[in-house]
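Asks: Below is the structure I would like to discuss, written out as structure tokens.
Number of protein chains: 2
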Amino acid sequence: MSISMYRLTVPMFQRGLASLKTYLDKAEAYAKEKNIDPVILVAARLAPDMLPFSGQYQRATDSAKFTLARLTGTDAPKFEDNEKTLDDLRERLAKTEAYLASFSTQALEGTETRQITLPGRNNTVLSGDEYVATFALPNFYFHVTTAHAILRNQGAPVGKRDYLG
Amino acid sequence: MSISMYRLTVPMFQRGLASLKTYLDKAEAYAKEKNIDPVILVAARLAPDMLPFSGQYQRATDSAKFTLARLTGTDAPKFEDNEKTLDDLRERLAKTEAYLASFSTQALEGTETRQITLPGRNNTVLSGDEYVATFALPNFYFHVTTAHAILRNQGAPVGKRDYLG
Numbered sequence: 001m002s003i004s005m006y007r008l009t010v011p012m013f014q015r016g017l018a019s020l021k022t023y024l025d026k027a028e029a030y031a032k033e034k035n036i037d038p039v040i041l042v043a044a045r046l047a048p049d050m051l052p053f054s055g056q057y058q059r060a061t062d063s064a065k066f067t068l069a070r071l072t073g074t075d076a077p078k079f080e081d082n083e084k085t086l087d088d089l090r091e092r093l094a095k096t097e098a099y100l101a102s103f104s105t106q107a108l109e110g111t112e113t114r115q116i117t118l119p120g121r122n123n124t125v126l127s128g129d130e131y132v133a134t135f136a137l138p139n140f141y142f143h144v145t146t147a148h149a150i151l152r153n154q155g156a157p158v159g160k161r162d163y164l165g
Numbered sequence: 166m167s168i169s170m171y172r173l174t175v176p177m178f179q180r181g182l183a184s185l186k187t188y189l190d191k192a193e194a195y196a197k198e199k200n201i202d203p204v205i206l207v208a209a210r211l212a213p214d215m216l217p218f219s220g221q222y223q224r225a226t227d228s229a230k231f232t233l234a235r236l237t238g239t240d241a242p243k244f245e246d247n248e249k250t251l252d253d254l255r256e257r258l259a260k261t262e263a264y265l266a267s268f269s270t271q272a273l274e275g276t277e278t279r280q281i282t283l284p285g286r287n288n289t290v291l292s293g294d295e296y297v298a299t300f301a302l303p304n305f306y307f308h309v310t311t312a313h314a315i316l317r318n319q320g321a322p323v324g325k326r327d328y329l330g
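Quick mapping for you: the protein sequence lines, in order, are chains A and B. Counting along the first sequence from 1, when you hit position 160 you're at 160 in my numbering, and nothing is skipped either side. Basically my numbering = 1-based index in the second sequence + 165.
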């Protein structure tokens, strides 16, 4: 007994994407309250050489979709990385959610032993379970949390409950 | 076949604590380079009503130690939450690492079905595996990433590789 590969991927990502969706609603309400253009928040960063809020959404959704694609040896849908508005980001989340929902528990069975090549890391090869534990999950949460951090840094009232769900 | 409760806790936390240790070294070097007192970085925040850098270390280490204590039904060591310097934070990491190292794979066996009560959440009760997946891991990575975000926001040159290890 332990935790299945399905449980450690699809529902984990679904929950994180739900938090990212909540942040969009809170960003929209905050922009309205402060009478600012929401695209300012979409383009906000913690540092000039760090990805903006939209980039955190792009990397979080990529992390989710590529994890499933690599584990199952299938192709993930392509997204253009051209989101500029809150609604663009909502659409990206929806497309990622639809892709995640296409995986069954059965589709992930046996993926713990599949050999996964990490791109851009000297082509390091990891077993599926190690890939999820050492790369996929920490990377996914990094981008969800950084989106949270950017909004907080801009003054928007998001809180830990929005993150944990 | 799937991922064990041990694999999803002790090594995950050890890896995150190693990143937190790297951040302290990078913060120290950055403070020296900029000729600023490192305690300024220890007290830095992303927002006035958010925990400072030191608070992220306190919550990350608490998350690690309480996860193990709750899963195994034992008591975690008490820490005072009075860290003011980089060395204070190093000491806290070392104490947490020593505690984590005291758990064997065997000590976690069967903990997936243990009933865990989440404090401060209307005493919600979760099985050990759901507790790790929905609460412990996301919460731990939240605080490691927020520590990263605070340093980046202060201009310190930490990067994704420092986080992923």
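Glycine residues also receive a C-beta, built at the ideal position from the N, C-alpha and C atoms. Since the model is a prediction, treat every value here as computed from it, not as a measurement.
Any idea which residues DSSP pairs SER292(B) with across the strands?
Replies: Here residue 292(B) refers to the residue found at position 127 of the second sequence. DSSP lists GLN280(B) as partners of SER292(B).
Asks: Check this for me: beta carbons of TYR99(A) and LYS78(A), under 8 Å apart or not?
Replies: Sequence index remark: in the first sequence, residue 99(A) carries index 99 (1-based). Sequence index remark: in the first sequence, residue 78(A) carries index 78 (1-based). For TYR99(A) and LYS78(A), no; Cβs fall outside 8 Å.
Asks: Could you tell me the boundaries of the alpha helix (DSSP H) in which ASN304(B) lies?
Replies: Within the second sequence, residue 304(B) is the residue found at index 139, counting from 1. Its alpha helix (DSSP H) spans residues 302-318.
Asks: Mind checking the segment 245-272 of chain B against chain A and listing, in chain order, the residues whose C-beta falls within less than 8 Å of any C-beta there?
Replies: Those residues of the segment 245-272 of chain B placed with their C-beta closer than 8 Å to a C-beta in chain A do not exist.
Asks: Taking only beta-carbon positions, decide if ALA192(B) is within less than 8 Å of chain A.
Replies: Position 27 of the second sequence, counting from 1, holds the residue named residue 192(B). With 8 Å as the cut-off, ALA192(B) does not count as an interface residue toward chain A.
Asks: Which of the residues in the segment 295-306 of chain B, read from start to end, lie with their CB under 8 Å from any CB of chain A?
Replies: VAL297, ALA298, THR299, PHE300, LEU302, PRO303, ASN304, TYR306
Asks: Rounded to whole angstroms, what's the CA-CA distance from THR232(B) to THR174(B)? Just pull it up for me.
Replies: Position 67 of the second sequence, counted from the start, is the residue given in the question as residue 232(B). Position 9 of the second sequence, counted from the start, is the residue given in the question as residue 174(B). For THR232(B) and THR174(B), the distance between alpha carbons rounds to 8 Å.
Asks: Among GLU248(B), THR276(B), ARG172(B), SER292(B), which residue has its Cα nearest to the Cα of LEU283(B)?
Replies: By 1-based counting over the second sequence, the position of residue 283(B) is 118. It is SER292(B).
Asks: Determine, using beta carbons only, whether LEU41(A) and ARG317(B) come nearer to each other than 8 Å.
Replies: For this step, residue 41(A) is matched to residue 41 along the first sequence. For this step, residue 317(B) is matched to residue 152 along the second sequence. No; because the gap between Cβ atoms is not below 8 Å, this pair is not in contact.
Asks: Suppose the cutoff is 8 Å on Cβ atoms and the five residues either side in sequence are ignored; what does the same chain contact list for GLY73(A) look like?
Replies: Against the first sequence, residue 73(A) aligns to sequence position 73. When the five nearest sequence neighbours on each side are left out, the beta carbons in the same chain lying within less than 8 Å of the beta carbon of GLY73(A) are those of ARG114, in order along the chain.
Asks: Classify GLU109(A): buried if its beta carbon has 16 or more other beta carbons within 10 angstroms, exposed otherwise.
Replies: Position 109 of the first sequence, counted from the first residue, corresponds to residue 109(A). With fewer than 16 other Cβ atoms within 10 Å, it is exposed.
Asks: Here's the rule I'm using: 16 or more other beta-carbon atoms within 10 Å means buried, otherwise exposed. How should PRO322(B) be labelled?
Replies: The count along the second sequence starts at 1 and reaches residue 322(B) at position 157. That one is exposed.
Asks: Chain A partners of GLY220(B), CB-CB under 8 Å?
Replies: Here residue 220(B) refers to the residue found at position 55 when the second sequence is read from its first residue. In chain order: nothing, as chain A lies at least about 12 Å away.
Asks: My output table needs one value for ILE171(A): the three-state DSSP class, helix, strand or coil.
Replies: Past the edges of chain A, shown from 1 to 165, lies residue 171(A), and the structure says nothing about it.
Asks: List the residues of chain B whose Cβ lies closer than 8 Å to the Cβ of ARG152(A), in chain order.
Replies: Translated into the one-based positions of the first sequence, residue 152(A) becomes position 152. In chain order: LEU211, ALA212, MET215.
Asks: Within a Cβ cutoff of 7 Å, which residues of the same chain sit near VAL204(B), ignoring the five residues on either side of it in sequence?
Replies: Numbered from its first residue, the second sequence carries residue 204(B) at position 39. Hits under 7 Å: LYS249, THR250.
Asks: How long is the line joining the alpha carbons of ALA76(A) and ILE281(B), rounded to whole angstroms?
Replies: Within the first sequence, the letter at position 76 stands for residue 76(A). Within the second sequence, the letter at position 116 stands for residue 281(B). When the Cα atoms are used, ALA76(A) and ILE281(B) turn out to be separated by approximately 36 Å.
Asks: Could you give the distance in angstroms between the alpha-carbon of GLU91(A) and the alpha-carbon of LYS160(A)?
Replies: Indexing the first sequence from 1 puts residue 91(A) at position 91. Indexing the first sequence from 1 puts residue 160(A) at position 160. For the pair GLU91(A) and LYS160(A), the Cα-to-Cα distance works out to about 24 Å.
Asks: Keeping to the same chain, check which residues put their C-beta closer than 7 Å to that of TYR23(A); ignore five residues upstream and five downstream.
Replies: Residue mapping note: residue 23(A) aligns to position 23 of the first sequence, counting from 1. Excluding positions up to five away in sequence, the list reads ALA147, HIS148, LEU151, VAL158, ASP162.
Asks: Starting from ARG224(B), trace the alpha helix (DSSP H) both ways and give me its first and last residue.
Replies: Here residue 224(B) refers to the residue found at position 59 of the second sequence. Per DSSP, ARG224(B) belongs to the alpha helix (DSSP H) from 218-237.
Asks: Verify the CB distance criterion: does THR311(B) have a CB-CB separation below 8 Å to chain A?
Replies: Along the second sequence, one-based indexing puts residue 311(B) at 146. Using beta-carbon distances, THR311(B) counts as an interface residue toward chain A, with a partner under 8 Å.
Asks: Going along the chain, which residues of its own chain have a beta-carbon closer than 8 Å to the beta-carbon of GLU262(B), five neighbours each way excluded?
Replies: If you number the second sequence from 1, residue 262(B) lands on position 97. Result list for GLU262(B): GLN179, LEU182, in chain order.
Asks: What span of residues does the alpha helix (DSSP H) with PRO38(A) cover, start to end?
Replies: As a working mapping, residue 38(A) is identified with position 38 in the first sequence. Note, PRO38(A): alpha helix (DSSP H), 38-42.
Asks: To the nearest whole angstrom, what separates the beta carbons of SER54(A) and HIS143(A), a pair I think is in contact under 8 Å?
Replies: Translated into positions along the first sequence, residue 54(A) becomes position 54. Translated into positions along the first sequence, residue 143(A) becomes position 143. In fact, because the Cβ distance is near 11 Å, the residues do not count as touching under 8 Å.
Asks: Can you give the beta carbon distance from THR145(B) to MET170(B), rounded, assuming they're within the 8 Å contact cut?
Replies: No answer is possible for residue 145(B): the residues shown for chain B start at 166 and end at 330.
Asks: Please list the partners that ARG235(B) has in chain A, where partner means a Cβ-to-Cβ separation under 8 Å.
Replies: What you label residue 235(B) is simply residue 70 of the second sequence in a count that begins at 1. Within 8 Å Cβ-Cβ: nothing; ARG235(B) doesn't reach chain A, min ~16 Å.
Asks: Label LYS304(B) either buried or exposed according to how many other C-beta atoms from any shown protein chain fall within 10 Å of its C-beta, with 16 as the threshold for buried.
Replies: Within the second sequence, the letter at position 139 stands for residue 304(B). Looking at the sequence shown, residue 304(B) is not Lys but Asn. Buried.
Asks: Which bits of chain A does ALA183(B) rub up against, with CB to CB less than 9 Å?
Replies: Within the second sequence, the letter at position 18 stands for residue 183(B). Ordered by position in chain A, no residue passes the 9 Å Cβ test against ALA183(B), which lies about 12 Å from the chain.
Asks: Tell me which residues share the same chain as GLN154(A) and place their Cβ nearer than 7 Å to its Cβ, disregarding the 5 neighbours each side in the sequence.
Replies: By one-based count along the first sequence, residue 154(A) stands at place 154. The residues are LEU41, ALA44.
Asks: Just tell me which of GLN271(B), LEU329(B), TYR306(B) has its CA closest to the CA of SER2(A).
Replies: For the purposes of this step, residue 2(A) is identified with residue 2 of the first sequence, where counting begins at 1. The option with the nearest alpha carbon to SER2(A) is GLN271(B).
Asks: Report, in whole angstroms, the separation of the C-beta atoms of LEU20(A) and ALA69(A), which I expect to be a contact under 8 Å.
Replies: Here residue 20(A) is taken as the residue at index 20 of the first sequence, counted from 1. Here residue 69(A) is taken as the residue at index 69 of the first sequence, counted from 1. About 19 Å separates the two Cβ atoms, so there is no contact after all.
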